[in-house]
Amino acid sequence: DQQVKQNSPSLSVQEGRISILNCDYTNSMFDYFLWYKKYPAEGPTFLISISSIKDKNEDGRFTVFLNKSAKHLSLHIVPSQPGDSAVYFCAASEGAPASKLTFGTGTRLQVTL
Amino acid sequence: DGGITQSPKYLFRKEGQNVTLSCEQNLNHDAMYWYRQDPGQGLRLIYYSQIVNDFQKGDIAEGYSVSREKKESFPLTVTSAQKNPTAFYLCASSIIIFGADEQFFGPGTRLTVL
Numbered sequence: 025d026q027q028v029k030q031n032s033p034s035l036s037v038q039e040g041r042i043s044i045l046n047c048d049y050t051n052s053m054f055d056y057f058l059w060y061k062k063y064p065a066e067g068p069t070f071l072i073s074i075s076s077i078k079d080k081n082e083d084g085r086f087t088v089f090l091n092k093s094a095k096h097l098s099l100h101i102v103p104s105q106p107g108d109s110a111v112y113f114c115a116a117s118e119g120a121p122a123s124k125l126t127f128g129t130g131t132r133l134q135v136t137l
Numbered sequence: 873d874g875g876i877t878q879s880p881k882y883l884f885r886k887e888g889q890n891v892t893l894s895c896e897q898n899l900n901h902d903a904m905y906w907y908r909q910d911p912g913q914g915l916r917l918i919y920y921s922q923i924v925n926d927f928q929k930g931d932i933a934e935g936y937s938v939s940r941e942k943k944e945s946f947p948l949t950v951t952s953a954q955k956n957p958t959a960f961y962l963c964a965s966s967i968i969i970f971g972a973d974e975q976f977f978g979p980g981t982r983l984t985v986l
């Protein structure tokens with residue numbers, strides 16, 4: 025049973041435009057969410073996180089929005105750059121210390137020139 | 873500089889052989905983890921350890937074993953009991969702090985069983 029779902033396996037966006045990556049979850053106990061970025065043959069790197077007490081967190085070009093009632097979060101990248109081309113994983117955890125992460129299946133973002 | 877190292881980057885083994893994947897961190901993190909990634913799937917947790925000499929099974933522990941004799945090291949053994957061992961294996965570590973626990977990942981080991 026996939027508790028964290030990323031329904032779009034891939035997304036193509038033109039350079040300079042906004043990229044929106046979506047993530048849905050089913051476990052209402054999740055209270056901390058993270059986005060990781062992964063290049064081929066490398067480990068994922070942490071990008072941005074959000075606690076369930078917030079509905080938005082921003083870090084430079086990256087913003088994560090959380091809609092708890094819909095059990096949905098999204099990652100916005102503005103403006104998109106070619107270096108953003110990677111696989112993006114959404115992850116969630118419940119409680120603290122929030123050690124155990126449940127990952128989504130990933131969305132491959134391609135930023136074209 | 874601090875980080876997580878995994879070796880080797882690529883590993884080939886014959887079916888039926890046990891193989892051990894190395895993971896070392898010098899970040900002084902208490903917690904360490906092993907994940908497996910298969911094409912089109914998210915990372916799945918194999919084992920994790922929150923302190924030395926203690927570890928717990930993750931979601932897909934069957935056919936794997938680990939040890940945590942030192943804080944810096946968390947080797948994973950893929951045994952012959954693992955039915956489909958070919959995958960990309962990722963080690964991670966984290967500081968356990970209240971409310972936030974971003975995991976830092978190593979570069980991964982791609983294991984191919986022939």
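Chain order of the listed sequences is A and F.
Heads up, my numbering is the position in the first sequence plus 24, with the first residue counted as 1.
Heads up, my numbering is the position in the second sequence plus 872, with the first residue counted as 1.
Each residue gets a CB set at the ideal place from its N, CA and C atoms; glycine is no exception.
In the three-state reduction of the DSSP assignment, Asp83 of chain A falls in the strand class, which pools E and B. Using a Cβ distance threshold of 8 Å, Leu986 of chain F and Val950 of chain F do not count as a contacting pair. Interface criterion met: the Cβ of Lys124 of chain A is under 8 Å from a Cβ in chain F. Around the Cβ of Lys886 of chain F, a 10 Å sphere holds fewer than 16 other Cβ atoms; the residue is exposed.
With three or more CB-CB distances shorter than 8 Å, the segment 902 to 910 of chain F counts as touching the segment 958 to 967 of chain F.
In summary, the residues of the segment 912 to 935 of chain F whose CB is separated from some CB of chain A by less than 8 Å are Gly912, Gln913, Gly914, Leu915, Arg916, Leu917, Tyr920, Gln922 and Gly930, in the order they occur in the chain. In the three-state reduction of the DSSP assignment, Asp48 of chain A falls in the strand class, which pools E and B. By the C-beta density criterion, Gly128 of chain A is buried, having at least 16 other C-beta atoms within 10 angstroms. With a beta-carbon spacing of about 20 Å, Tyr936 of chain F and Ile923 of chain F fall beyond the 8 Å limit used to define contacts.
Less than 8 Å divides the Cβ of Ile42 of chain A from the Cβ of Val102 of chain A.
Between the alpha carbons of Phe927 of chain F and Cys47 of chain A lies a gap of roughly 30 Å. Around Pro979 of chain F, the beta-carbon contacts reaching into chain A at under 7 Å are Glu66 and Gly67.
Exclusion of the five residues before and after Tyr63 of chain A leaves Ala110 as the residues of its chain whose Cβ lies within less than 6 Å of its Cβ. By the rule that beta-carbons nearer than 8 Å mark a contact, Phe70 of chain A touches chain F.
Chain F places no beta carbon closer than 8 Å to that of Ser52 of chain A, leaving this residue out of the contacts. In this structure, A:Leu71 is the residue among A:Leu71, A:Leu90, A:Glu66 and A:Ser76 with its C-alpha nearest to the C-alpha of Asp83 of chain A.
Annotated as proximal: Tyr49 of chain A and Lys95 of chain A, with beta-carbon spacing under 8 Å. Taking CB atoms only, Gly128 of chain A has a neighbour in chain F less than 8 Å away. Interface annotation, Phe113 of chain A: in contact with chain F, CB-CB separation under 8 Å. Sequence-distant partners of Arg132 of chain A (beyond 5 residues in either direction) whose C-beta falls short of 6 Å from its own C-beta, in its chain, are Ser34 and Val111. Per the coordinates, the alpha-carbon of Asn31 of chain A lies some 12 Å from the alpha-carbon of Gly914 of chain F.
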